[in-house]
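In this text, residue positions in the sequence shown follow the numbering used here: the first is 1, and each later residue adds one.
Everything below concerns the one structure shown next.
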Amino acid sequence: MATTTPTRRKERQPPPSPSWIVDRMHVPLDSLTAHVPIFPIPDNITAESLDPYRKEGPGGKLHNLGVYLNRSSQLKMAFEKAQLATGRKEPLAWLQNVATRWESDEAMFSRALLLEDAIKQMFHDLEGTWEQSCGNVADRPPVLNERLTSQEWKVVGIIQKILQPFKIVSKQLQGRGIVSSARSTCGGLTEYFPAIENLLDHLELAMGGEIVEDVVGDDRRKMLAMVRIFDGLDTATIRLIKVYLRLAWSKLDSYYHG
C-alpha cells in the first residue's frame, strides 16, 4: 500500500514588524491569553512592563472573579441568582483557568462570554446592595474591582475567537477529531503540517484585523465568512494584541520548522 509522506512548504517569512515593536523584546509567549490591559499600555513593551496588566487586565479580572466565586458561597449564590434572573433555567458553574493550560483560558473566556449578562447583573446587584446599605467606601465589596468595562469585554471576545482554531486543531491532532466519509480528522501525521499552516494563516489574518469563522446566513445555514475583530478598540489595545499575535506566529513557526 502506498504511503503519503507529509511535506513542508518553503520557509515562511514572518509578517513585517510594525515600527512600534521594540527590538529584542522579551515578552514570554505562554499563550495568546496574556491578560491584555486597556489603559495604560507602555510604549516599551517588555515582560516587566506588562506584568501588572496581565494581573489587572480583562483576563486577570476574570481570573480574580473566579477566585472570589470559589472562596465565597454567598457570592456563588449571588452569581447563580443572577444567571436565573437573566434567563438561564439552570445555573452553570464557573470555569477557572490555570497558569499552565491555555485551554483553560479559552474555556474561562467562553464561559464568561456565555454568562456575560449574568456577570453584569451580579455586579449590578452587589453594587446596589452596597449603596443601599451604607455606601461607605471602606465597606465596598472588593469583587467590584473585577468588573469589566465594555471594551474589556470586547478584548475577551477577540481572544476567545483567536483561540478557537487552536482548540479545534488541538483536538484534531490528539485524535479526537471528526471522522466522516468526506474528511478524516483522526490526528494522523499527514494532518500535522496542514494544520500548522492553517494556524499560521489564521494568525497572519488576525494581525490584519480579520479572522475566518462560521456565521449563520439568512437561510440559517452555517458558512465561512471574514469577520473584523478590532472594530471599537482603541489604538493602544490593538497595538498590544498585535504584539502578542506576532509573538504567537513566531513561536508556532519555530515549531513548524524545528
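Ideal placement from N, C-alpha and C gives every residue a C-beta, glycine not left out.
Bounding residues of the alpha helix (DSSP H) (the contiguous stretch that carries residue i)
i	result
Ser231	According to the sequence as given, residue 231 is Asp; it is not Ser. Taken as a continuous stretch (DSSP letters only), Asp231 belongs to no alpha helix (DSSP H), as it is neither H nor E.
Thr129	Glu116 to Ser133
Ala82	Ser73 to Ala85
Glu152	Ser150 to Leu173
His257	Here His257 belongs to no alpha helix (DSSP H), and DSSP marks it neither H nor E.
Asp201	Tyr192 to Met207
Beta-carbon gap between residue i and residue j smaller than 8 Å
i	j	result
Gln132	Ala85	no
Pro165	Leu199	yes
Leu203	Pro58	no
Ile229	Lys161	yes
Ala78	Asp139	no
Lys55	Glu146	no
Leu252	Met207	no
Glu106	Lys167	yes
Trp130	Pro142	no
Glu103	Pro91	no
Proximity to residue i [Cα-Cα], best of the options
i	options	result
Gly157	Val98, Leu200, Gly217 and Asp231	Asp231
Asp261	Met223, Gln83, Gly57 and Val243	Residue 261 lies beyond the residue range present for the chain, which begins at 1 and ends at 258; the question has no answer from this structure.
Gln83	Ile119, Glu146 and Arg246	Ile119
Val169	Leu189, Ser49 and Val155	Leu189
Met108	Ile159, Leu245, Val212 and Asp201	Ile159
Leu163	Ile241, Leu75 and Arg221	Ile241
Phe152	Leu252, Leu173 and Asp234	In the sequence under discussion, the amino acid at residue 152 is Glu, which differs from the Phe named in the question. The residue with the shortest Cα to Cα distance from Glu152 is Asp234.
Val227	Gln172, Arg220, Val212 and Val216	Val212
Tyr256	Asp201, Asp219, Gly209 and Val243	Asp201
Ala248	Asp51, Ser49, Arg71 and Leu205	Leu205
Leu75	Pro52, Ser250 and Phe123	Phe123
Gly87	Leu173, Asp117 and Glu127	Asp117
Glu210	Asp219, Ala225 and Arg220	Ala225
Residues that residue i bridges to, as DSSP identifies them
i	result
Arg54	Beta-bridge pairing links Arg54 to no other residue.
Arg101	Val98
Ala225	Glu213
Terminal residues of the beta strand (DSSP E) in which residue i lies
i	result
Glu213	Glu210 to Val216
Residue-level contact to chain E via CB, residue i, 8 Å cutoff
i	result
Arg88	As a matter of chain content, chain E is missing from the structure shown, which is built from one protein chain.
Take every Cβ of the region 100 to 120, pair it with every Cβ of the region 184 to 204, and state whether three or more of those distances are shorter than 8 Å. no
Touch check for the region 60 to 71 and the region 95 to 102: three-plus C-beta pairs under 8 Å? yes
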